[in-house]
Each structure stands twice: as C-alpha cells, then as structure tokens.
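Below is one structure; the comments refer to it alone.
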Amino acid sequence: AGSIGREFALHHFGPHTSTCVSAIVDTNLTAASLLARDVGALQAGAEVTSTSRYRSTVSNSADAERITIRIPHDALLTDAILADCDMVYIGTTPSSHRELVERALTAKRHVLLEKPLASTPSDADAIVTAAETARKVGVHLGLNIGMRWNPATQLLRKLLTDTTSSDDNIVHASLTLRFRRWPRDWQQGAAWCANRVDGGPLRECGTHYLAAVREVFGPGAVARVRATVVYPDGAAGELAESRVDGELELRSGLIVRVT
Numbered sequence: 001a002g003s004i005g006r007e008f009a010l011h012h013f014g015p016h017t018s019t020c021v022s023a024i025v026d027t028n029l030t031a032a033s034l035l036a037r038d039v040g041a042l043q044a045g046a047e048v049t050s051t052s053r054y055r056s057t058v059s060n061s062a063d064a065e066r067i068t069i070r071i072p073h074d075a076l077l078t079d080a081i082l083a084d085c086d087m088v089y090i091g092t093t094p095s096s097h098r099e100l101v102e103r104a105l106t107a108k109r110h111v112l113l114e115k116p117l118a119s120t121p122s123d124a125d126a127i128v129t130a131a132e133t134a135r136k137v138g139v140h141l142g143l144n145i146g147m148r149w150n151p152a153t154q155l156l157r158k159l160l161t162d163t164t165s166s167d168d169n170i171v172h173a174s175l176t177l178r179f180r181r182w183p184r185d186w187q188q189g190a191a192w193c194a195n196r197v198d199g200g201p202l203r204e205c206g207t208h209y210l211a212a213v214r215e216v217f218g219p220g221a222v223a224r225v226r227a228t229v230v231y232p233d234g235a236a237g238e239l240a241e242s243r244v245d246g247e248l249e250l251r252s253g254l255i256v257r258v259t
C-alpha cells in the first residue's frame, strides 16, 4: 500500500488490463485499509482524482457511495488471500522479497515483483531458483523493470544494431545521477529508502539504467565492475550512499562510468 503499490492498484490493475485487485496486504494496516477503501470505491465507479500517480486518491462520487465494494486487507499474505487471486504483485522493500516470492510461488500464484530482485546476492539466487522451479509447473515470475520498454532504450538498441561494427565504434559512456535531496520529495517518510539495507539512489534509481545496459548490450555484457562508495555515516553505519564513483567494463571494451 505504499507509493508504487498505490500507483499499480489505482492506475494499472483494472478492466483496461483485464485485471481486478482482490486484496491489499501491508504491515501498515492503516495504509492497507486506506488503499483498500480507494480500490473499492474505484471498482464501484469512482474516479482517480490526484495528478500524482504516487499519491493518487479517488473521488467520493455518488455511485461509489451507493455501491459499496469491500476489498479485503491484511498485514500478512494469508492463505485466504492467496486462494482468492491468480497473481501477487509485490512492491515491498527489497529485503522482504524472498519470503513473499517463495510463499506466493509455492502457492502456485504468478508474481510481478518490483525491482531490484533482492537486497543480497543469496536472496536473489534463492528467488531465481524458486522462479525456475515454479516455471516447470506453469507459474511465472516477472520483474518490473520499465526501462526495457523505454523508447530511448529501444532506439539506442536499434542504433547500435544498425551501426556498422555495432558498439566497436563506442569508446565510453556515462551515467550520472544527482538528487536535490534523498529520499526524494514523494518518498519522504519512507525510512527504508534512506537506509543501506534496502534503499539508496543506486539501488532505487540506478538499477533502471544498469538494467538498460543489459537490454542494449545483452546478457553477460559486463566483464568487470569497479566502484568506490561513500557513506555519510561511515562504512559501519546504516545510511545509504551519498556518493558513488564506478566503472563498468564491457566485454567489447566499452567503459561505462557511473557517478
């Protein structure tokens, strides 16, 4: 029931995508209740009123008040909730992904998972293993990396494909991320976004662009990674990075600088 979950529940899941929200799960029961109310009103005929997709609400239309649709909500992904759905959308903090993914896939429910895959390599490996096992019985996991469908990414891939000798003509590239404040304005209050375990600019935003490198140059394109990371409270602290200086060396010899 956080910002991205609210966006999906009110903007992406509905008749236009042949889907319907059947339940809301959030450890913050107040947030779960509010989103469940808004989804119920939307399904009853109300309209989304906010201009910000991350903080969308719905109108209190007469139709919505007259036709009350109750959307179940809970703090846990219960058996009852799993029994009443075909797919689980997971938009929680990265460190919670493994447990939720494994539970949903074990129940033979498809999963749409927010990036990044996980917060640790071991959790990521476990999720991949669970997904490969589930796929054998027709249950699938998808990772929400929107950069794959970004027109700029598709154009760059086409230009490289059409260019003689492809990326052999490219010597270097760069990725620079700058933020006026972190967490960003619409994420203020989300403590996880400021901590090292789950948040940080590189994990939260950089993953989109690093995934684009894979989309453009293909799997296994990165041969070497070098990085220097600065934390405001030191190496043993809890805060996310405040500065990164790194390089990705591709097998073609292309150097991508990340700052």
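Just so you know, we're using full-length UniProt numbering here: the sequence shown kicks off at 1 and counts up by one.
Every residue gets a Cβ at the ideal spot worked out from N, C-alpha and C, and that includes glycine.
Fair warning: this is a prediction, and the values are worked out from it, not measured in the lab.
Through-space distance from histidine 11 to serine 95, alpha-carbon basis = 26 Å
Could you check where the beta strand (DSSP E) with tyrosine 209 kicks off and where it finishes?
-> Note, tyrosine 209: premise wrong, no beta strand (DSSP E); alpha helix (DSSP H) at 207–217.
Endpoints, beta strand (DSSP E) assigned at isoleucine 255 = 255–258
Quick one: complete alpha helix (DSSP H) runs, 4+ long, within the region 89–170?
-> 97–106, 121–135 and 151–162
Do you know whose CA, among Thr92, Ser59 and Glu102, lies nearest tryptophan 192's CA?
-> Thr92
Just curious, the beta strand (DSSP E) that glutamate 249 is in, first and last residue?
-> 243–250
So what does DSSP say about leucine 76, is it helix, strand or coil?
-> coil
Report all residues from its chain with a CB closer than 6 Å to the CB of aspartate 167; omit the five preceding and five following residues, and keep chain order.
-> With a pLDDT of only 49 at aspartate 167, under 50, the local geometry of the prediction cannot be trusted, and no value is derived from it.
Just the Cα atoms here: how many angstroms apart are aspartate 38 and threonine 57?
-> 7 Å
Given valine 230, which residues of its chain have a CB within under 7 Å of its CB, disregarding the five upstream and five downstream residues?
-> Glu241, Ser242 and Arg243
Given aspartate 79 as reference, the closest of Val25, Ala41, His16 and Leu29 once Cα atoms are compared | Val25
From Phe217, Asp162, Leu210 and Thr19, residue whose alpha carbon lies closest to that of arginine 257 | Leu210
Assign serine 174 to one of three DSSP states: helix, strand, or coil.
-> strand
Label leucine 76 either buried or exposed according to how many other C-beta atoms from any shown protein chain fall within 10 Å of its C-beta, with 16 as the threshold for buried.
-> exposed
Looking at the unbroken alpha helix (DSSP H) that takes in threonine 30, where does it start and where does it end?
-> 29–43
Rounded to a whole number of angstroms, what is the C-alpha to C-alpha distance between leucine 177 and alanine 83?
-> 42 Å
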